[in-house]
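Chemist: Could you have a look at this structure, given as structure tokens, before my questions?
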Amino acid sequence: MNQTLRHTLEGHTAAPDQLDWSQIHETLAMLALAVAQIDTSLVEGNNSINSLTASFTRMADHTQLIIDRVTALDAGVGSEIADSARIIQSEVMSAIVAFQFYDRLTQRMEHVGDSLERTGHLISNPEERYHLASWKTLQNHIKSNYTMEAERIMFEHIMAGHSIAEALQIYHHNFNAEVKDDFDTSDDIELF
112 MNQTLRHTLE GHTAAPDQLD WSQIHETLAM LALAVAQIDT SLVEGNNSIN SLTASFTRMA
172 DHTQLIIDRV TALDAGVGSE IADSARIIQS EVMSAIVAFQ FYDRLTQRME HVGDSLERTG
232 HLISNPEERY HLASWKTLQN HIKSNYTMEA ERIMFEHIMA GHSIAEALQI YHHNFNAEVK
292 DDFDTSDDIE LF
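Here the working numbering is used: the first residue of the sequence shown is 112, the next is one more, and so on.
What follows is the structure in structure tokens.
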């Protein structure tokens with residue numbers, strides 16, 4: 112399949128009185144709309160999250176500064192203030208971890224948009240739409256974008272003909288195991 116640029120899929124829907132109406136044109140229009148909606152949502156969400164991330168990072172830095180300065184004060188007062196600052200810092204760190212999950216969602220939605228657009232380009236190409244090799248190339252590209260094993264397993268289940276419910280069940284089982292492993296082995300906070 113040819114390398115295509117993002118955001119080049121067009122909806123080619125015919126007027127109701129035209130004779131060249133087809134499900135393919137209508138499908139392409141709907142795919143283009145879905146990609147546009149996903150991308151708009153991602154941009155709006157990213158702007159908010161970037162602002163929140165910067166704000167929480169500054170708060171974490173300031174709480175650490177408070178903790179450092181307070182420990183030099185009178186033991187009783189300093190200890191109370193330091194305890195409060197540690198609680199705030201813990202809450203900020205919890206919020207930053209939640210941002211990691213949002214970042215994962217954003218990446219996933221970007222992959223969905225890319226996959227929909229590539230599917231649309233394949234459907235719109237009469238020379239490739241009926242060739243199994245073109246579809247396999249598309250599927251391999253989609254699968255190669257998955258960073259989590261749970262996503263690859265879900266993909267394989269869907270491609271093998273399992274229901275969405277079955278694929279989601281196996282995904283959640285594997286995802287929960289991966290998340291547990293991530294939190295058991297690492298204390299670092301990393302935004303992607």
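Cβ atoms here follow ideal geometry from the backbone N, Cα and C, with glycine treated the same way.
At the 8 Å Cβ level, is E155 part of the contact set with chain D, yes or no?
Modeler: Looking for chain D here will not work: only one protein chain is present.
Chemist: Please report how far the alpha carbon of T248 lies from the alpha carbon of I275, in whole angstroms.
Modeler: If you number the sequence shown from 1, residue 248 lands on position 137. If you number the sequence shown from 1, residue 275 lands on position 164. Each residue's alpha carbon lies about 22 Å from the other.
Chemist: DSSP three-state call for S274: helix, strand or coil?
Modeler: Here residue 274 refers to the residue found at position 163 of the sequence shown. Reduced to three states, the DSSP call for S274 is coil.
Chemist: Which residues in the same chain as H283 place their Cβ atom closer than 7 Å to its Cβ, once the five residues preceding and following it in sequence are excluded?
Modeler: The count along the sequence shown starts at 1 and reaches residue 283 at position 172. Counting only Cβ-Cβ distances below 7 Å, and skipping sequence neighbours, we find nothing.
Chemist: At a cut of 8 Å, does the stretch 168-181 reach the stretch 203-215 through at least three beta carbon pairs?
Modeler: In short, these stretches touch, since the Cβ pair count reaches three.
Chemist: Can you grab the Cα-Cα spacing for the pair N285 / I264, in whole Å?
Modeler: Your numbering for residue 285 matches position 174 in the sequence shown. Your numbering for residue 264 matches position 153 in the sequence shown. Taking the straight line joining both Cα atoms gives about 8 Å.
Chemist: If we call anything under 8 Å between Cβ atoms a contact, is H252 one with R229?
Modeler: Within the sequence shown, numbered from 1, the residue matching residue 252 stands at position 141. Within the sequence shown, numbered from 1, the residue matching residue 229 stands at position 118. In this structure, R229 lies closer than 8 Å to H252 by Cβ.
Chemist: Where T182 and A165 are concerned, what is the direct C-alpha to C-alpha distance, given to the nearest angstrom?
Modeler: Here residue 182 refers to the residue found at position 71 when the sequence shown is read from its first residue. Here residue 165 refers to the residue found at position 54 when the sequence shown is read from its first residue. Rounded to the nearest angstrom, the two C-alpha atoms are 26 Å apart.
Chemist: If you draw a straight line from the alpha carbon of E155 to that of N287, how long is it in whole angstroms?
Modeler: Here the question's residue 155 lines up with position 44 in the sequence shown. Here the question's residue 287 lines up with position 176 in the sequence shown. So the two alpha carbons sit approximately 28 Å from each other.
Chemist: Do the CB positions of M259 and I149 come within less than 8 Å of each other?
Modeler: Locating residue 259 in the sequence shown gives position 148, counting from the first residue. Locating residue 149 in the sequence shown gives position 38, counting from the first residue. It is not a contact, given that the beta carbons lie outside the stated cut-off.
Chemist: Within the stretch 226-259, note down every full alpha helix (DSSP H) run reaching 4 residues or more, in order along the chain.
Modeler: Qualifying alpha helix (DSSP H) stretches, in chain order: 243-255.
Chemist: Helix, strand or coil: which one does DSSP assign to L130?
Modeler: For the purposes of this step, residue 130 is taken as the residue at position 19 of the sequence shown. Residue placement at L130 is flagged as unreliable, the pLDDT there being 48, under the threshold of 50; the coordinate-derived value follows with that caveat. Residue state, collapsed to three classes: coil.
Chemist: Suppose you measure from the CA of Y213 to the CA of H273; what does that come to, to the nearest Å?
Modeler: Numbered from its first residue, the sequence shown carries residue 213 at position 102. Numbered from its first residue, the sequence shown carries residue 273 at position 162. Rounded to whole angstroms, Y213 to H273 spans 28 Å at the Cα level.
Chemist: Using C-beta distances below 7 Å, list every residue in its chain close to S195, excluding the 5 sequence neighbours before and after it, in chain order.
Modeler: In the sequence shown, residue 195 corresponds to position 84, counting from 1. Cβ within range, chain order: n/a, list empty.
Chemist: What separation, rounded to the nearest whole angstrom, lies between the Cα atoms of D225 and V146?
Modeler: Taking the sequence shown and counting its residues from 1, one reaches residue 225 at position 114. Taking the sequence shown and counting its residues from 1, one reaches residue 146 at position 35. Taking the straight line joining both Cα atoms gives about 8 Å.
Chemist: Out of G187, I160, L153 and Q218, which has the shortest C-alpha to C-alpha gap to Y257?
Modeler: To locate residue 257, count along the sequence shown from 1; it is residue 146. Taking only the C-alpha atoms, the option nearest Y257 is Q218.
Chemist: Could you tell me the distance, in whole angstroms, from the CA atom of D179 to the CA atom of F210?
Modeler: What you label residue 179 is simply residue 68 of the sequence shown in a count that begins at 1. What you label residue 210 is simply residue 99 of the sequence shown in a count that begins at 1. Cα to Cα, D179 sits roughly 26 Å from F210.
Chemist: Going by CA-CA distance only, name the one from Q250, H242, P237 and I198 that's closest to V223.
Modeler: Position 112 of the sequence shown holds residue 223. Of Q250, H242, P237 and I198, the residue nearest in Cα terms is Q250.
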